[in-house]
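Trainee: Here you go, one structure.
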């Protein structure tokens with residue numbers, strides 16, 4: 001009987017046979033896929049023919065096809081619906097997959113073929129995309145250590161394997177802390193909580209086998225609890241549990257793991273001849289150097305801190321007026337900020353949520369994509385990998401574009417946060433392959449699911465990533481979709497958020513879940529007027545995290561990351577009542593893999609561009625201007641990494657953006 005993980009897929013879209021797949025199928029599937037990939041790589045390296053683009057680069061593109069398919073299913077499920085068996089296999093696979101990657105990139109005969117092609121690239125008559133793919137392959141091999149020999153090469157392999165083990169442990173520890181902590185809420189502990197928070201707490205309790213409401217560490221539940229709970233003691237308990245993830249002592253503590261990761265990253269960079277890991281990591285990005293990153297962050301930090309400190313003074317006065325003396329604390333900020341927003345803007349989050357049901361916002365999201373890019377979305381039936389998952393076929397003028405899966409509700413088996421991934425990426429080599437794209441969020445389940453405005457922005461953000469995958473139109477998977485510079489990858493996602501603030505989108509789709517009535521214009525006006533409210537707080541907590549990330553990787557690895565974190569925050573004058581958005585022990589962006597290490601700044605780097613990109617639409621007087629949307633797709637969304645990020649940007653916009661648009665967009669400077 002064929003292993004269902006290895007099968008081509010079911011139905012017209014070749015979806016994985018989720019109903020047939022069991023956890024026991026994954027290990028043998030990986031074994032077979034790795035054996036096949038190794039054989040293919042060995043054949044390429046040993047090919048007696050002179051290297052050509054076809055027999056080396058295109059062969060490499062197709063060598064791991066089965067492994068890509070198996071990994072695409074397994075790693076998506078491991079993040080979104082973990083089980084003890086999947087977690088155990090992840091721990092087992094981490095060093096194996098790292099070892100295989102090293103086998104490929106440090107294969108001397110294979111690298112010799114790639115290097116030879118690079119040396120003769122001018123005579124190969126390559127297409128622009130092929131030339132770009134060759135360049136990226138050559139740089140990947142070099143940056144992975146292909147030129148190292150002897151003990152240095154052996155040590156590089158050891159470092160990669162160890163880092164894979166550590167990052168997996170970091171992620172699983174964080175998931176365990178988030179999954180295991182919850183606090184039952186008695187009737188008198190629901191004081192001040194709107195109905196939607198109580199409903200979410202009851203749903204969380206039912207999911208954990210409790211008779212009544214519980215508080216969990218899921219962001220979509222704990223943030224509104226901190227906003228609305230009038231019980232300061234409970235806010236403190238909840239907040240301290242939330243920020244202690246990964247730092248509770250015992251087997252799930254991440255602090256020692258973070259220190260070892262930073263040491264190994266520094267050693268890795270030094271082996272490759274770089275002064276620091278940040279210098280190594282930033283070289284291929286748009287920012288290029290740590291100095292450029294720091295310059296951007298500090299230009300934003302100064303006005304953001306000033307705004308936050310002015311806001312803190314007002315919130316402290318409100319707290320004192322309530323008869324609570326002493327300093328404003330981190331668990332007080334959201335509560336008094338919400339009260340202040342109601343007072344100053346006459347804007348109440350609880351009044352807004354009935355108009356932002358998940359279904360309504362999905363309609364807004366899809367309608368926006370239809371108006372911009374002509375995409376249509378048709379619901380399709382599962383079975384998918386979890387009962388909560390929904391699926392759609394994406395098409396344009398009758399042509400199949402992609403399958404889109406949405407997995408929106410928090411559950412104990414899902415890691416925190418929100419993300420976009422592809423179970424299958426777009427490519428044309430070897431036949432047209434259309435993608436299977438997945439958006440994962442952690443919204444509090446309700447009947448119906450009502451979103452905060454921040455939740456709705458997250459929905460749009462992740463769908464911007466999904467569009468980058470769906471509209472990809474390249475030959476080679478190596479440059480498909482979101483395979484771009486890290487500080488460019490957030491441009492499409494953050495740009496798409498802007499359509500959430502287009503009045504006609506909200507007027508059409510923000511309708512009361514019970515009555516179907518449109519959001520009252522007065523409420524819509526208040527929402528838009530308060531769009532930049534509390535940006536001092538939000539910007540400070542983000543920039544502080546980005547500066548700590550940069551400090552971790554810019555010089556020698558710290559013996560005690562927590563001490564360096566404290567030092568950086570002291571040096572920049574971190575306001576007392578604000579903490580980092582992601583403290584070190586739960587900074588998954590940085591320690592659950594290399595993706596955003598030295599790169600957390602990239603959200604802000606991309607924001608400089610997304611503000612200017614949306615201005616391109618505004619300058620036409622039409623947020624859905626067809627010519628600008630066509631240029632956005634042609635120059636950025638469809639080309640993936642086949643064009644350097646700065647060239648793709650210039651093709652779309654024709655000018656370099658400045659930080660002023662970002663500051664204006666966040667309300668940190670006068671218009």
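In UniProt numbering, the protein residues as written are 1 to 671. A virtual CB, placed ideally from N, CA and C, is assigned to each residue, including glycine. Here the structure is a predicted model, which is why all the values come from computation and not from measurement.
Is the beta carbon of residue 609 sitting closer than 7 Å to the one on residue 491?
Mentor: Here the question's residue 609 lines up with position 609 in the chain shown. Here the question's residue 491 lines up with position 491 in the chain shown. Against a cut-off of 7 Å, the Cβ pair of residue 491 and residue 609 comes out as a contact.
Trainee: Determine the extent of the alpha helix (DSSP H) in which residue 493 is found, giving its start and end residues.
Mentor: As a first step, residue 493 is located in the chain shown; it is residue number 493 there, counting from the start. Element bounds for residue 493: 486 to 497.
Trainee: So which of 577, 37, 77, 335 has the shortest CA-CA distance to residue 194?
Mentor: Translated into positions along the chain shown, residue 194 becomes position 194. With distances taken between Cα atoms, residue 194 lies closest to 335.
Trainee: Is it a yes or a no for the stretch 331 to 351 touching the stretch 414 to 421, going by three-plus beta-carbon pairs under 8 Å?
Mentor: The answer is no - the stretch 414 to 421 does not touch the stretch 331 to 351, with fewer than three Cβ pairs under 8 Å.
Trainee: What is the DSSP secondary structure of residue 671, counted as helix, strand or coil?
Mentor: Taking the chain shown and counting its residues from 1, the one referred to as residue 671 is at position 671. Because residue 671 sits at a pLDDT of 33, beneath the cut-off of 50, its placement in the model cannot be relied upon, and the following sentence gives the value as read from the coordinates. Residue state, collapsed to three classes: coil.
Trainee: Select from 126, 87, 30 the residue whose C-alpha is nearest the C-alpha of residue 52.
Mentor: The residue labelled residue 52 in the question sits at position 52 within the chain shown. Measuring from the Cα of residue 52, the nearest candidate turns out to be 126.
Trainee: Rounded to whole angstroms, what's the CA-CA distance from residue 685 to residue 213? Just pull it up for me.
Mentor: Only positions 1 to 671 of the chain appear in this structure, which leaves residue 685 out of reach.
Trainee: Output yes or no for whether 7 Å exceeds the beta carbon distance between residue 463 and residue 365.
Mentor: Sequence index remark: in the chain shown, residue 463 carries index 463 (1-based). Sequence index remark: in the chain shown, residue 365 carries index 365 (1-based). Contact: yes.
Trainee: I'd like the list of long-range same chain contacts for residue 311, defined as Cβ closer than 6 Å, with 5 residues on each side in sequence excluded.
Mentor: Taking the chain shown and counting its residues from 1, the one referred to as residue 311 is at position 311. So the list reads 536, once near-sequence residues are dropped.
Trainee: Let me confirm a value: residue 76 is counted as buried when at least 16 other C-beta atoms fall within 10 Å, else exposed. Which label applies?
Mentor: Start at 1 with the first residue of the chain shown, and residue 76 comes out as number 76. By the neighbour-count rule (16 or more Cβ atoms within 10 Å), residue 76 is buried.
Trainee: Which ranges does the alpha helix (DSSP H) cover as unbroken runs of at least 4 residues, wholly within the stretch 125 to 187, from first to last along the chain?
Mentor: With a minimum length of 4 residues, the continuous alpha helix (DSSP H) runs that stay inside the stretch 125 to 187 are 128 to 144, 150 to 180.
Trainee: Along the chain, where does the beta strand (DSSP E) that runs through residue 198 open and close?
Mentor: On the chain shown, position 198 is the one that residue 198 refers to. That residue, residue 198, is in no beta strand (DSSP E); its alpha helix (DSSP H) goes 195 to 207.
Trainee: Would you list the residues sitting across from residue 427 in a DSSP beta bridge?
Mentor: On the chain shown, residue 427 is found 427 positions in, with the first residue counted as 1. BP columns for residue 427 point to 433.
Trainee: With a threshold of 8 Å, are at least 3 pairs of Cβ atoms found where one atom belongs to the stretch 539 to 551 and the other to the stretch 574 to 587?
Mentor: Cβ pair count under 8 Å is three or more, so yes.
Trainee: Which residue from 159, 71, 227, 258 puts its Cα closest to that of residue 169?
Mentor: Position 169 of the chain shown, counting from 1, holds the residue named residue 169. Among 159, 71, 227, 258, the Cα nearest to that of residue 169 belongs to 258.
Trainee: Taking 8 Å as the threshold, find out whether the stretch 637 to 645 comes into contact with the stretch 588 to 599 through three or more Cβ pairs.
Mentor: Contact fails: fewer than three Cβ-Cβ distances are below 8 Å.
Trainee: Just how far apart, CA to CA, sit residue 280 and residue 265?
Mentor: Start at 1 with the first residue of the chain shown, and residue 280 comes out as number 280. Start at 1 with the first residue of the chain shown, and residue 265 comes out as number 265. Each residue's Cα considered, the two are about 10 Å apart.
Trainee: Quick one, which of 665, 657, 458 has its alpha-carbon nearest residue 530's?
Mentor: The count along the chain shown starts at 1 and reaches residue 530 at position 530. Answer by Cα proximity: 665.
Trainee: Please confirm whether residue 383 and residue 18 have their CB atoms less than 7 Å apart.
Mentor: Translated into the one-based positions of the chain shown, residue 383 becomes position 383. Translated into the one-based positions of the chain shown, residue 18 becomes position 18. Cβ distance < 7 Å, so residue 383 and residue 18 count as in contact.
Trainee: Go through its chain and collect everything with a Cβ distance to residue 486's Cβ below 6 Å, but skip five positions before and after it.
Mentor: Residue 486 sits at position 486 when you count from the first residue of the chain shown. Excluding residues within five positions, the ones whose Cβ falls inside 6 Å are 285, 599, 602.
Trainee: So residue 28 packs on residue 73, CB below 8 Å; how close in whole Å?
Mentor: What you label residue 28 is simply residue 28 of the chain shown in a count that begins at 1. What you label residue 73 is simply residue 73 of the chain shown in a count that begins at 1. No, residue 28 and residue 73 are not in contact; Cβ-Cβ is about 14 Å, not under 8 Å.
Trainee: So the alpha helix (DSSP H) residue 610 belongs to, where does it begin and stop?
Mentor: What you label residue 610 is simply residue 610 of the chain shown in a count that begins at 1. Residue 610 -> alpha helix (DSSP H) spans 602 to 618.
Trainee: For residue 101, which option in 635, 134, 138, 34 has the closest C-alpha, if you only look at C-alpha atoms?
Mentor: Locating residue 101 in the chain shown gives position 101, counting from the first residue. Out of 635, 134, 138, 34, 34 has the C-alpha closest to the C-alpha of residue 101.
Trainee: Three-state secondary structure (DSSP) at residue 582?
Mentor: Within the chain shown, residue 582 is the residue found at index 582, counting from 1. Here residue 582 sits in coil by DSSP.
Trainee: Can you tell me whether residue 345 is helix, strand or coil according to DSSP?
Mentor: Here the question's residue 345 lines up with position 345 in the chain shown. It is helical.
Trainee: Is residue 245 close to chain B? Criterion is C-beta to C-beta, closer than 7 Å.
Mentor: Absence of chain B from the displayed structure is noted, only one protein chain being present.
Trainee: If you draw a straight line from the C-alpha of residue 356 to the C-alpha of residue 368, how long is it?
Mentor: On the chain shown, residue 356 is found 356 positions in, with the first residue counted as 1. On the chain shown, residue 368 is found 368 positions in, with the first residue counted as 1. C-alpha separation (whole angstroms): 16 Å.
Trainee: Taking just the CA atoms, how far does residue 380 sit from residue 441?
Mentor: For the purposes of this step, residue 441 is taken as residue 441 along the chain shown, with counting starting at 1. For the purposes of this step, residue 380 is taken as residue 380 along the chain shown, with counting starting at 1. Distance between the alpha carbons of residue 441 and residue 380 is about 20 Å.
Trainee: If we call anything under 7 Å between Cβ atoms a contact, is residue 409 one with residue 392?
Mentor: On the chain shown, residue 409 is found 409 positions in, with the first residue counted as 1. On the chain shown, residue 392 is found 392 positions in, with the first residue counted as 1. Result no, Cβ atoms of residue 409 and residue 392 do not sit closer than 7 Å.
Trainee: With distances taken Cα to Cα, identify the nearest neighbour of residue 182 among 428, 172, 219.
Mentor: On the chain shown, residue 182 is found 182 positions in, with the first residue counted as 1. Per the Cα distances, 219.
Trainee: Just tell me which of 499, 559, 556 has its CA closest to the CA of residue 617.
Mentor: On the chain shown, position 617 is the one that residue 617 refers to. Looking at the Cα atoms, 499 is the closest of the given residues.
Trainee: Any idea what DSSP makes of residue 512, helix, strand or coil?
Mentor: Taking the first residue of the chain shown as position 1, residue 512 is located at position 512. The answer is coil: DSSP assigns residue 512 none of H, G, I, E or B.
Trainee: Can you tell me which of 41, 350, 390, 192 puts its alpha carbon nearest to the alpha carbon of residue 674?
Mentor: Nothing in the structure corresponds to residue 674, since the chain is present only between 1 and 671.
Trainee: Inspect the beta-carbon positions of residue 457 and residue 497 and report whether they are closer than 7 Å.
Mentor: Against the chain shown, residue 457 aligns to sequence position 457. Against the chain shown, residue 497 aligns to sequence position 497. Yes. Within cutoff.
Trainee: Note down the Cα distance separating residue 671 from residue 295, rounded to an integer number of angstroms.
Mentor: Counting from 1 along the chain shown, the entry for residue 671 is found at position 671. Counting from 1 along the chain shown, the entry for residue 295 is found at position 295. The predicted position of residue 671 is uncertain, since its pLDDT is 33 and thus under 50; a value taken from the coordinates is nonetheless stated next. Going by the C-alpha atoms only, they are around 22 Å apart.
Trainee: Just curious, the beta strand (DSSP E) that residue 395 is in, first and last residue?
Mentor: Reading the chain shown from its first residue, position 395 is the one you call residue 395. 390 to 396 is the extent of the beta strand (DSSP E) around residue 395.
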